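Each remark here refers to the structure printed beneath this line.
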Amino acid sequence: MNTNRSIDLAALEAPPAVAAVRSIGDGFKNFQALRAGFASGLFDWLERNGPAEKSAVAAALELRGAHLGAFLQTLEDLGLLAREGGAYRLAPGMAEVLCASSPWRQAEVLDDWLARSSGWSDLARFLSPEWTPAPAQPLSIERHPFLGEARRLAAHLAARFAQPGRRAPRSLLCFDGGDGLLAAALCQRFPEASVTLVVAPDAPLRAQATIAACGLAERCRVVPGTPLDPPPREECRGVDCAVLFHSLYPVRKNTVDALAAVAACLTRGGELCAAHWFCLEACETAPGGLRDLDKAVLTDSHPLCHVEQFCQRLEDAGLVDAERADLTGEYGNTKLHFARRPEGV
Numbered sequence: 001m002n003t004n005r006s007i008d009l010a011a012l013e014a015p016p017a018v019a020a021v022r023s024i025g026d027g028f029k030n031f032q033a034l035r036a037g038f039a040s041g042l043f044d045w046l047e048r049n050g051p052a053e054k055s056a057v058a059a060a061l062e063l064r065g066a067h068l069g070a071f072l073q074t075l076e077d078l079g080l081l082a083r084e085g086g087a088y089r090l091a092p093g094m095a096e097v098l099c100a101s102s103p104w105r106q107a108e109v110l111d112d113w114l115a116r117s118s119g120w121s122d123l124a125r126f127l128s129p130e131w132t133p134a135p136a137q138p139l140s141i142e143r144h145p146f147l148g149e150a151r152r153l154a155a156h157l158a159a160r161f162a163q164p165g166r167r168a169p170r171s172l173l174c175f176d177g178g179d180g181l182l183a184a185a186l187c188q189r190f191p192e193a194s195v196t197l198v199v200a201p202d203a204p205l206r207a208q209a210t211i212a213a214c215g216l217a218e219r220c221r222v223v224p225g226t227p228l229d230p231p232p233r234e235e236c237r238g239v240d241c242a243v244l245f246h247s248l249y250p251v252r253k254n255t256v257d258a259l260a261a262v263a264a265c266l267t268r269g270g271e272l273c274a275a276h277w278f279c280l281e282a283c284e285t286a287p288g289g290l291r292d293l294d295k296a297v298l299t300d301s302h303p304l305c306h307v308e309q310f311c312q313r314l315e316d317a318g319l320v321d322a323e324r325a326d327l328t329g330e331y332g333n334t335k336l337h338f339a340r341r342p343e344g345v
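Read left to right, the sequence shown gives residues 1 to 345 (my numbering).
Right under this line is the structure:
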């Protein structure tokens, strides 16, 4: 405290902008209330014992009664709890995301955000040149941030190959930035296809766990590599379809070379699909910056640039009939690009 001046308390008035910061701070406090609900065992206990009075909650979970009312009210305000008279229970539908009995419980998602390997645990460190990514931790399939992306893309490709005059691919080469989720989804969408799954050198164990959990180990071979360094041609030449799923970011400076290397694996007439996030023209920003930070933390990369030039890059890699589409998801639009290897080359 500055003791060299006399403060007139009656004249002190916080600037209006303080309210904006306090509102942001309320998000942090709500986050901590949710964490405390998980850590105290409250949600699991209420699933088994609710509705329950506040005194019963305090006694069973050894929580301080002086603060428990405010804590329970906060969770009710957030829509996590409901009250019947003076008794609390989980709000309808919340057991699926709050209780250990459900594979969709979100406690581990919160833990992942706070893990040192996540940029969200210390965003200032993530934004600094000193950031060094730590090895990613294995995630359950239900809680994996790329689950929705993988399912939507697999569904889109299934619909594409179901169009008149097309046939489903029998061999797929999948460069999967989602720890094998897309490869698993493709195996399930195309039950007659064999899949070679290529993942970053640090990801085979995570990808193998994904494939095994889906019961697809006999149909999906996992190998380390990148689009710039695909498996040897004798191992994957002649595939009907090659898919690059959020896998070009690490080789962005050699995009055309990477596309050419993948294109060389295709059979004549085989199709390449690329699914990635792109920045706006001149890397401009727009409202929705939090989702852009999500993508940055997930990929530890800037999105790809110059979406308007990507079809030309596919053609520069020796492919033809390049086209583009959008796939809308929880992180915004994923840009899909398609091209095929010429029949006579």
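Idealized CB from N, CA, C, for every residue including glycine. Keep in mind the model is a prediction, meaning the values are calculated, not measured.
Query	Result
I'd like to check one pair, Leu298 with His276: are the Cβ atoms closer than 8 angstroms?	no
Would you report the Cα separation of Ala14 and Asn333, rounded to the nearest angstrom?	40 angstroms
So, at 6 angstroms on beta carbons, what are the nonlocal neighbours of Leu205 in its own chain, with the 5 sequence-adjacent residues on each side left out?	none
For the candidate residues Pro201, Leu42, Pro250 and Ile211, whose alpha-carbon lies nearest to that of Ser194?	Ile211
Indicate, with yes or no, if the ligand FMN has a heavy atom lying under 7 angstroms from the CB of Ala154.	For the ligand FMN, the structure offers nothing, since it holds no ligand at all.
Taking the alpha carbon of Asp229 as the point to measure from, which residue in Arg252, Val222, Ala261 and Ala17 has its own alpha carbon closest?	Ala261
Rounding to the nearest angstrom, what Cα-Cα distance links Pro201 and Ala286 in this structure?	34 angstroms
Below 8 angstroms on the Cβ atoms is my guess for Val198 versus Cys214; work out the distance and round it to an integer in Å.	Actually they do not touch by this definition, with Cβ atoms about 17 angstroms apart.
Give every residue of the same chain whose Cβ lies closer than 6 angstroms to the Cβ of Gly65, excluding the five residues on either side of it in the sequence, and list them in chain order.	Ala58
Below 8 angstroms on the Cβ atoms is my contact criterion, and I expect Cys273 with Leu336 to pass it. Report the Cβ-Cβ distance as a whole number of Å.	7 angstroms
Have a look at Ala124, Arg151, Asp179 and Ser117 and flag the residue whose alpha-carbon is nearest the alpha-carbon of Ala136.	Ser117
Can you grab the Cα-Cα spacing for the pair Ala263 / Leu319, in whole Å?	7 angstroms
Leaving out the 5 sequence neighbours to the left and right, which residues in its chain are closer than 7 angstroms to Val256 when beta-carbon positions are compared?	Arg313, Asp316 and Ala317
Starting from Val222, trace the alpha helix (DSSP H) both ways and give me its first and last residue.	Looking at the DSSP string, Val222 is not in any alpha helix (DSSP H); the run it does join, the beta strand (DSSP E), is Cys220 to Pro224.
For Asp300, name the three-state secondary structure that DSSP assigns.	coil
Pro169 to Ala203, Cα distance in whole Å?	25 angstroms
Under 8 angstroms by Cβ, that's how I've got Gly181 and Ala150 pegged, so tell me the actual separation to the nearest angstrom.	Looking at the sequence itself, residue 181 is Leu, so the reference to Gly does not match. Sure, about 4 angstroms apart at Cβ, within 8 angstroms.
Below 6 angstroms CB to CB, which residues in the same chain sit around Ala107 once its five sequence neighbours on both sides are set aside?	Phe38
Would you mind working out which of Gly50, Leu61 and Gly119 sits nearest Gly86, comparing C-alpha positions?	Gly50
Could you give the DSSP three-state label for Ala325: helix, strand or coil?	strand
List, from N- to C-terminal side, the beta strand (DSSP E) runs of 3 residues or more that fit wholly inside the region 99 to 168.	none
Given a cut-off of 8 angstroms on the beta-carbon distance, is the pair Cys305 and Gly270 in contact?	no
Provide the residue span of the beta strand (DSSP E) that contains Gly270, from first to last.	Leu266 to His276
Among the candidates Glu53, Cys187 and Glu281, whose CA atom is the shortest distance from the CA of Glu84?	Glu53
Between the C-alpha atoms of Phe278 and Ala82, what's the straight-line distance to the nearest angstrom?	42 angstroms
Helix, strand or coil, according to DSSP, for Ala193 in the structure here?	coil
With a threshold of 16 other CB atoms inside 10 Å of the CB of Asp8, please say whether the residue is buried or exposed.	exposed
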